[in-house]
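Undergrad:
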Amino acid sequence: MKNNNTTIFTLILVLLVSVSLHAQQDFQGKAYYFSKTTMDLSRFNRGGEQMTEQRKKELETRFKSMLEKTYVLTFNKEESIFVEDEKLSSPVNSGRGFGGFASSFAPGPQYKNVKEKLYLQDQEFFGKQFLIKEDMEPLEWVMGKETKQIGQYLCFKATAKKVSNEVGFGPPRRGNDDDKEGDEAKKDEPKIVEVTAWYTPQIPVSQGPADYWGLPGLILEVTAGNTVMLCSKIVINPEEKTEIKAPKKGSVVTQAEYKEIVTKKMEEFRANRGRGNGRPGGGRGR
1 MKNNNTTIFT
11 LILVLLVSVS
21 LHAQQDFQGK
31 AYYFSKTTMD
41 LSRFNRGGEQ
51 MTEQRKKELE
61 TRFKSMLEKT
71 YVLTFNKEES
81 IFVEDEKLSS
91 PVNSGRGFGG
101 FASSFAPGPQ
111 YKNVKEKLYL
121 QDQEFFGKQF
131 LIKEDMEPLE
141 WVMGKETKQI
151 GQYLCFKATA
161 KKVSNEVGFG
171 PPRRGNDDDK
181 EGDEAKKDEP
191 KIVEVTAWYT
201 PQIPVSQGPA
211 DYWGLPGLIL
221 EVTAGNTVML
231 CSKIVINPEE
241 KTEIKAPKKG
251 SVVTQAEYKE
261 IVTKKMEEFR
271 ANRGRGNGRP
281 GGGRGR
(Lines of atoms letter the chains of each structure in order from A and count residues from 1; the text may use other names and numbers.)
(Lines give C-alpha, C1' and ligand atoms only; values in the text may rest on other atoms or scores of the structure.)
Protein backbone atom coordinates (compact mmCIF):
# COMPACT_ATOMS: atom_id res chain seq x y z
CA MET A 1 0.00 0.00 0.00
CA LYS A 2 2.93 2.28 0.85
CA ASN A 3 4.59 1.64 -2.52
CA ASN A 4 1.33 2.44 -4.34
CA ASN A 5 1.00 5.74 -2.49
CA THR A 6 4.60 6.65 -3.38
CA THR A 7 3.99 5.86 -7.05
CA ILE A 8 0.80 7.96 -7.12
CA PHE A 9 2.56 10.86 -5.42
CA THR A 10 5.44 10.70 -7.95
CA LEU A 11 3.05 10.67 -10.93
CA ILE A 12 1.14 13.66 -9.54
CA LEU A 13 4.41 15.55 -8.99
CA VAL A 14 5.60 14.81 -12.53
CA LEU A 15 2.23 15.92 -13.95
CA LEU A 16 2.27 19.19 -12.00
CA VAL A 17 5.83 19.98 -13.08
CA SER A 18 4.97 19.16 -16.69
CA VAL A 19 1.92 21.45 -16.70
CA SER A 20 3.93 24.21 -15.03
CA LEU A 21 6.77 24.05 -17.57
CA HIS A 22 4.56 23.90 -20.63
CA ALA A 23 2.60 26.86 -19.35
CA GLN A 24 5.73 28.98 -19.64
CA GLN A 25 6.11 30.27 -23.19
CA ASP A 26 9.71 31.39 -22.68
CA PHE A 27 10.82 28.26 -20.85
CA GLN A 28 14.55 27.54 -21.01
CA GLY A 29 16.95 25.38 -19.05
CA LYS A 30 20.67 24.77 -18.73
CA ALA A 31 22.17 21.41 -17.81
CA TYR A 32 25.89 21.01 -17.06
CA TYR A 33 27.53 17.67 -17.84
CA PHE A 34 30.88 16.14 -16.97
CA SER A 35 32.12 13.70 -19.61
CA LYS A 36 34.82 11.09 -19.06
CA THR A 37 36.17 8.61 -21.59
CA THR A 38 38.47 5.70 -20.75
CA MET A 39 41.14 4.61 -23.21
CA ASP A 40 42.82 1.26 -23.81
CA LEU A 41 46.42 2.28 -23.12
CA SER A 42 47.72 -1.16 -24.13
CA ARG A 43 47.62 0.10 -27.74
CA PHE A 44 50.63 2.23 -26.84
CA ASN A 45 52.83 -0.65 -25.66
CA ARG A 46 56.26 -0.57 -27.23
CA GLY A 47 57.82 -3.64 -28.77
CA GLY A 48 55.35 -5.96 -27.07
CA GLU A 49 56.58 -4.91 -23.61
CA GLN A 50 54.10 -4.21 -20.84
CA MET A 51 53.70 -0.53 -20.07
CA THR A 52 55.19 0.75 -16.82
CA GLU A 53 53.05 2.59 -14.31
CA GLN A 54 55.05 5.74 -14.95
CA ARG A 55 54.35 5.49 -18.69
CA LYS A 56 50.63 4.98 -17.98
CA LYS A 57 50.53 8.12 -15.82
CA GLU A 58 52.35 10.09 -18.53
CA LEU A 59 49.80 9.04 -21.15
CA GLU A 60 46.85 9.66 -18.84
CA THR A 61 48.12 13.19 -18.17
CA ARG A 62 48.71 13.75 -21.89
CA PHE A 63 45.20 12.67 -22.85
CA LYS A 64 43.38 14.13 -19.82
CA SER A 65 42.33 17.35 -21.57
CA MET A 66 40.77 15.31 -24.36
CA LEU A 67 39.17 12.54 -22.30
CA GLU A 68 37.65 14.66 -19.52
CA LYS A 69 35.44 17.58 -20.52
CA THR A 70 32.61 19.74 -19.22
CA TYR A 71 29.64 20.68 -21.43
CA VAL A 72 26.56 22.85 -21.21
CA LEU A 73 23.22 21.86 -22.73
CA THR A 74 20.90 24.84 -23.27
CA PHE A 75 17.39 23.68 -24.10
CA ASN A 76 13.77 24.71 -24.49
CA LYS A 77 10.70 22.69 -25.48
CA GLU A 78 11.87 22.08 -29.06
CA GLU A 79 15.53 23.04 -29.45
CA SER A 80 18.86 22.51 -27.73
CA ILE A 81 22.53 23.34 -28.23
CA PHE A 82 25.29 21.27 -26.60
CA VAL A 83 28.68 23.00 -26.33
CA GLU A 84 31.91 22.54 -24.42
CA ASP A 85 32.17 24.84 -21.41
CA GLU A 86 35.06 27.09 -22.49
CA LYS A 87 35.44 28.46 -18.96
CA LEU A 88 36.59 25.06 -17.74
CA SER A 89 38.42 23.84 -20.85
CA SER A 90 42.15 23.28 -20.53
CA PRO A 91 44.55 25.55 -22.42
CA VAL A 92 46.12 22.34 -23.71
CA ASN A 93 43.06 21.95 -25.93
CA SER A 94 44.11 24.79 -28.16
CA GLY A 95 47.21 25.82 -30.01
CA ARG A 96 49.80 23.80 -31.83
CA GLY A 97 51.39 20.46 -31.03
CA PHE A 98 49.50 17.53 -29.54
CA GLY A 99 46.81 19.74 -27.96
CA GLY A 100 45.94 21.30 -31.31
CA PHE A 101 46.00 17.91 -32.99
CA ALA A 102 43.70 16.33 -30.40
CA SER A 103 41.30 19.26 -30.47
CA SER A 104 40.59 18.49 -34.14
CA PHE A 105 38.72 15.39 -32.96
CA ALA A 106 36.64 17.14 -30.31
CA PRO A 107 32.98 17.55 -31.31
CA GLY A 108 31.86 21.09 -32.04
CA PRO A 109 28.51 22.63 -30.97
CA GLN A 110 25.64 20.17 -31.50
CA TYR A 111 22.18 21.52 -32.29
CA LYS A 112 18.97 19.47 -32.11
CA ASN A 113 15.43 20.43 -33.08
CA VAL A 114 13.11 17.65 -31.94
CA LYS A 115 10.09 19.19 -33.68
CA GLU A 116 11.72 19.38 -37.11
CA LYS A 117 13.86 16.27 -36.44
CA LEU A 118 16.98 18.18 -37.44
CA TYR A 119 20.53 17.62 -36.16
CA LEU A 120 23.39 20.01 -36.98
CA GLN A 121 26.96 19.96 -35.79
CA ASP A 122 29.40 22.82 -36.27
CA GLN A 123 32.74 21.08 -36.78
CA GLU A 124 36.25 22.29 -37.57
CA PHE A 125 38.80 19.70 -38.66
CA PHE A 126 42.40 20.63 -39.42
CA GLY A 127 41.51 24.18 -40.38
CA LYS A 128 38.46 23.37 -42.51
CA GLN A 129 34.90 24.14 -41.43
CA PHE A 130 32.19 21.51 -41.80
CA LEU A 131 28.47 21.50 -41.05
CA ILE A 132 27.31 17.98 -40.26
CA LYS A 133 23.62 17.67 -41.08
CA GLU A 134 21.37 14.69 -40.35
CA ASP A 135 17.68 13.87 -40.11
CA MET A 136 17.18 12.82 -36.51
CA GLU A 137 16.22 9.18 -36.13
CA PRO A 138 15.23 8.19 -32.58
CA LEU A 139 17.03 5.26 -31.01
CA GLU A 140 14.90 2.21 -30.27
CA TRP A 141 14.82 2.84 -26.55
CA VAL A 142 13.86 -0.02 -24.25
CA MET A 143 12.17 1.50 -21.22
CA GLY A 144 13.18 -0.03 -17.91
CA LYS A 145 11.57 -0.04 -14.49
CA GLU A 146 14.72 0.80 -12.55
CA THR A 147 14.94 4.22 -10.93
CA LYS A 148 17.60 6.22 -9.18
CA GLN A 149 18.04 9.69 -7.78
CA ILE A 150 20.37 12.14 -9.54
CA GLY A 151 20.48 15.26 -7.42
CA GLN A 152 16.89 16.24 -6.70
CA TYR A 153 15.51 14.43 -9.74
CA LEU A 154 13.98 10.96 -9.91
CA CYS A 155 15.36 9.23 -12.99
CA PHE A 156 14.24 6.19 -14.97
CA LYS A 157 16.47 3.82 -16.92
CA ALA A 158 16.35 3.25 -20.69
CA THR A 159 18.69 1.26 -22.93
CA ALA A 160 19.40 1.16 -26.65
CA LYS A 161 21.99 0.23 -29.27
CA LYS A 162 23.55 2.64 -31.75
CA VAL A 163 26.17 2.72 -34.47
CA SER A 164 29.28 4.55 -33.30
CA ASN A 165 30.49 7.51 -35.35
CA GLU A 166 33.76 7.83 -33.48
CA VAL A 167 37.10 7.58 -35.23
CA GLY A 168 40.08 6.57 -33.12
CA PHE A 169 43.43 8.27 -33.58
CA GLY A 170 45.65 6.02 -31.49
CA PRO A 171 48.42 3.96 -33.08
CA PRO A 172 47.44 0.81 -34.98
CA ARG A 173 47.80 -2.39 -33.04
CA ARG A 174 51.16 -4.11 -33.42
CA GLY A 175 51.03 -7.74 -34.35
CA ASN A 176 51.58 -10.27 -37.08
CA ASP A 177 50.21 -10.12 -40.62
CA ASP A 178 47.13 -12.12 -39.67
CA ASP A 179 46.25 -9.53 -37.01
CA LYS A 180 46.66 -6.70 -39.52
CA GLU A 181 44.48 -8.49 -42.06
CA GLY A 182 41.85 -8.96 -39.38
CA ASP A 183 41.95 -5.24 -38.55
CA GLU A 184 41.48 -4.38 -42.23
CA ALA A 185 38.52 -6.73 -42.52
CA LYS A 186 36.85 -5.13 -39.49
CA LYS A 187 37.50 -1.55 -40.62
CA ASP A 188 34.31 -1.28 -42.65
CA GLU A 189 32.14 -3.12 -40.13
CA PRO A 190 29.90 -0.74 -38.13
CA LYS A 191 30.69 -0.65 -34.43
CA ILE A 192 27.59 -1.16 -32.30
CA VAL A 193 27.60 0.60 -28.94
CA GLU A 194 25.45 -0.29 -25.93
CA VAL A 195 23.75 2.81 -24.51
CA THR A 196 22.31 3.22 -21.01
CA ALA A 197 20.46 6.45 -20.22
CA TRP A 198 18.80 7.86 -17.12
CA TYR A 199 16.09 10.45 -17.77
CA THR A 200 13.77 12.46 -15.54
CA PRO A 201 10.09 13.12 -16.40
CA GLN A 202 10.29 16.00 -13.92
CA ILE A 203 11.82 17.99 -16.79
CA PRO A 204 9.54 16.87 -19.65
CA VAL A 205 11.67 17.77 -22.67
CA SER A 206 12.87 15.16 -25.16
CA GLN A 207 16.48 16.35 -24.98
CA GLY A 208 19.83 15.14 -23.75
CA PRO A 209 23.59 15.60 -24.10
CA ALA A 210 25.39 15.25 -27.45
CA ASP A 211 23.11 13.52 -30.00
CA TYR A 212 20.96 11.72 -27.43
CA TRP A 213 17.23 12.44 -27.25
CA GLY A 214 13.84 10.77 -27.69
CA LEU A 215 12.89 9.97 -24.09
CA PRO A 216 9.96 11.44 -22.12
CA GLY A 217 12.23 13.60 -20.00
CA LEU A 218 15.65 15.23 -19.94
CA ILE A 219 18.53 12.72 -20.02
CA LEU A 220 20.73 13.37 -16.99
CA GLU A 221 23.18 10.50 -17.42
CA VAL A 222 24.25 8.41 -20.39
CA THR A 223 26.84 5.67 -20.77
CA ALA A 224 27.83 4.67 -24.30
CA GLY A 225 30.77 2.36 -24.81
CA ASN A 226 33.70 3.78 -22.84
CA THR A 227 32.19 7.25 -22.35
CA VAL A 228 30.04 8.45 -19.44
CA MET A 229 28.25 11.81 -19.34
CA LEU A 230 26.71 12.87 -16.03
CA CYS A 231 24.68 15.99 -15.29
CA SER A 232 26.07 17.86 -12.28
CA LYS A 233 23.85 20.95 -12.27
CA ILE A 234 20.52 22.15 -13.72
CA VAL A 235 19.24 25.71 -13.91
CA ILE A 236 15.61 26.18 -14.96
CA ASN A 237 14.73 29.58 -16.47
CA PRO A 238 18.07 31.32 -15.81
CA GLU A 239 17.98 35.09 -15.41
CA GLU A 240 20.12 35.54 -18.52
CA LYS A 241 18.60 33.60 -21.40
CA THR A 242 20.81 32.17 -24.14
CA GLU A 243 19.66 32.38 -27.74
CA ILE A 244 19.69 28.89 -29.26
CA LYS A 245 20.99 29.32 -32.80
CA ALA A 246 21.29 26.63 -35.45
CA PRO A 247 24.82 26.65 -36.93
CA LYS A 248 24.96 27.59 -40.61
CA LYS A 249 28.62 27.87 -41.68
CA GLY A 250 30.76 25.18 -43.29
CA SER A 251 30.69 22.57 -46.01
CA VAL A 252 27.52 20.51 -45.52
CA VAL A 253 28.24 16.79 -45.06
CA THR A 254 26.49 13.82 -43.53
CA GLN A 255 27.90 12.08 -40.48
CA ALA A 256 29.07 9.18 -42.67
CA GLU A 257 30.79 11.54 -45.11
CA TYR A 258 32.55 13.38 -42.29
CA LYS A 259 33.71 10.11 -40.74
CA GLU A 260 35.20 9.11 -44.11
CA ILE A 261 37.07 12.44 -44.31
CA VAL A 262 38.53 11.95 -40.82
CA THR A 263 39.43 8.33 -41.52
CA LYS A 264 41.37 9.27 -44.66
CA LYS A 265 43.24 11.97 -42.73
CA MET A 266 44.18 9.44 -40.07
CA GLU A 267 45.45 6.99 -42.69
CA GLU A 268 47.57 9.81 -44.11
CA PHE A 269 48.92 10.63 -40.66
CA ARG A 270 49.80 7.00 -39.93
CA ALA A 271 51.49 6.61 -43.32
CA ASN A 272 53.63 9.69 -42.69
CA ARG A 273 54.51 8.47 -39.21
CA GLY A 274 55.45 5.10 -40.67
CA ARG A 275 57.96 6.90 -42.88
CA GLY A 276 59.51 8.44 -39.80
CA ASN A 277 57.56 11.68 -39.69
CA GLY A 278 55.70 11.99 -36.39
CA ARG A 279 54.20 15.44 -36.94
CA PRO A 280 50.37 15.49 -36.84
CA GLY A 281 48.95 16.04 -40.28
CA GLY A 282 52.04 14.86 -42.16
CA GLY A 283 55.36 16.32 -43.09
CA ARG A 284 54.28 18.85 -45.70
CA GLY A 285 52.86 22.25 -44.97
CA ARG A 286 49.43 23.02 -46.29
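In UniProt numbering, the protein residues as written are 1 to 286. We put the beta carbon where it would ideally sit given N, CA and C, even for glycine.
With Gln121 and Gln110 assumed to form a contact (beta carbons below 8 Å), what rounded beta-carbon distance in angstroms separates them?
TA: Taking the first residue of the sequence shown as 1, we reach residue 121 at position 121. Taking the first residue of the sequence shown as 1, we reach residue 110 at position 110. With 8 Å as the limit, Gln121 and Gln110 qualify as a contact, their Cβ atoms being about 5 Å apart.
Undergrad: To the nearest angstrom, how far is it from the Cα of Asp85 to the Cα of Val222?
TA: Within the sequence shown, numbered from 1, the residue matching residue 85 stands at position 85. Within the sequence shown, numbered from 1, the residue matching residue 222 stands at position 222. The alpha-carbon atoms of Asp85 and Val222 are separated by roughly 18 Å.
Undergrad: If you drop the 5 nearest sequence neighbours on each side, which residues of the same chain put their C-beta closer than 8 Å to that of Val253?
TA: What you label residue 253 is simply residue 253 of the sequence shown in a count that begins at 1. Around Val253: Phe130, Leu131, Ile132, Lys133, Ile261.
Undergrad: For Thr200, collect the residues of the same chain with a Cβ closer than 8 Å to its Cβ; drop the 5 residues on either side in sequence, then sort them by chain order.
TA: Taking the first residue of the sequence shown as position 1, residue 200 is located at position 200. So the qualifying residues of the chain are Ile150, Tyr153, Leu154, Cys155, Phe156, Gly217, Leu218, Leu220.
Undergrad: Out of Lys248, Glu240, Ile234, Phe269, state which residue places its alpha-carbon closest to the alpha-carbon of Asp26.
TA: Looking up residue 26 in the sequence shown gives position 26. Checking every option, the nearest Cα to that of Asp26 belongs to Glu240.
Undergrad: To the nearest angstrom, report how far apart Ala197 and Glu267 are at their CA atoms.
TA: Here the question's residue 197 lines up with position 197 in the sequence shown. Here the question's residue 267 lines up with position 267 in the sequence shown. The straight-line gap from Cα to Cα measures roughly 34 Å.
Undergrad: When DSSP labels each residue in this structure, what does Glu189 get in the three-state scheme?
TA: Taking the sequence shown and counting its residues from 1, the one referred to as residue 189 is at position 189. Correct three-state label for Glu189: coil.
Undergrad: Quick one: what's got a C-beta closer than 7 Å to Asn165's C-beta in the same chain, skipping five residues either side?
TA: The sequence position of residue 165 within the sequence shown is 165, counting from 1. Once the five neighbours on either side are set aside, the close Cβ partners of Asn165 are Gln255, Lys259.
Undergrad: Measuring straight from C-alpha to C-alpha, what distance separates Gly208 and Lys191?
TA: Translated into positions along the sequence shown, residue 208 becomes position 208. Translated into positions along the sequence shown, residue 191 becomes position 191. Whole-angstrom Cα-Cα distance: 22 Å.
Undergrad: Applying the criterion that 16 or more other CB atoms from any shown protein chain within 10 Å of the CB defines a buried residue, is Ala271 buried or exposed?
TA: Walking along the sequence shown from the start, residue 271 turns up at place 271. Classification of Ala271: exposed, given that the 10 Å Cβ count is below 16.
Undergrad: Evaluate Pro204 with the Cβ neighbour count: other Cβ atoms within 10 Å of its Cβ, from every protein chain shown; 16 or more gives buried, anything less gives exposed.
TA: Position 204 of the sequence shown holds residue 204. With 16 or more other Cβ atoms within 10 Å, it is buried.
Undergrad: Out of curiosity, what's the CA-to-CA distance linking Met229 and Gly214?
TA: As a working mapping, residue 229 is identified with position 229 in the sequence shown. As a working mapping, residue 214 is identified with position 214 in the sequence shown. The alpha-carbon atoms of Met229 and Gly214 are separated by roughly 17 Å.
Undergrad: Pull up the DSSP beta-bridge partners for Phe126, would you.
TA: Numbered from its first residue, the sequence shown carries residue 126 at position 126. Its beta-bridge partners do not exist; DSSP assigns none.
Undergrad: For Ile261, name the three-state secondary structure that DSSP assigns.
TA: Mapped onto the sequence shown, residue 261 falls at position 261. Three-state result, Ile261: helix.
Undergrad: Just mark Ile143 as buried or exposed, buried being the case when its beta carbon has 16 or more other beta carbons within 10 Å.
TA: As a first step, residue 143 is located in the sequence shown; it is residue number 143 there, counting from the start. A small fix is needed here, since residue 143 is Met in this sequence, not Ile. It is exposed - the Cβ of Met143 has fewer than 16 other Cβ atoms within 10 Å.
Undergrad: Alpha carbons only, please: which of Lys265, Met39, Thr147, Glu243 is nearest the one belonging to Gly29?
TA: Taking the sequence shown and counting its residues from 1, the one referred to as residue 29 is at position 29. Gly29 has its Cα closest to that of Glu243, out of Lys265, Met39, Thr147, Glu243.
Undergrad: Distance, Cα to Cα, Phe34 vs Tyr212?
TA: As a first step, residue 34 is located in the sequence shown; it is residue number 34 there, counting from the start. As a first step, residue 212 is located in the sequence shown; it is residue number 212 there, counting from the start. Those two C-alpha atoms are separated by around 15 Å.
Undergrad: Distance check for Ser251 and Thr147, CA to CA, integer angstroms please.
TA: Translated into the one-based positions of the sequence shown, residue 147 becomes position 147. Translated into the one-based positions of the sequence shown, residue 251 becomes position 251. Using only the alpha carbons, I get a separation of about 43 Å.
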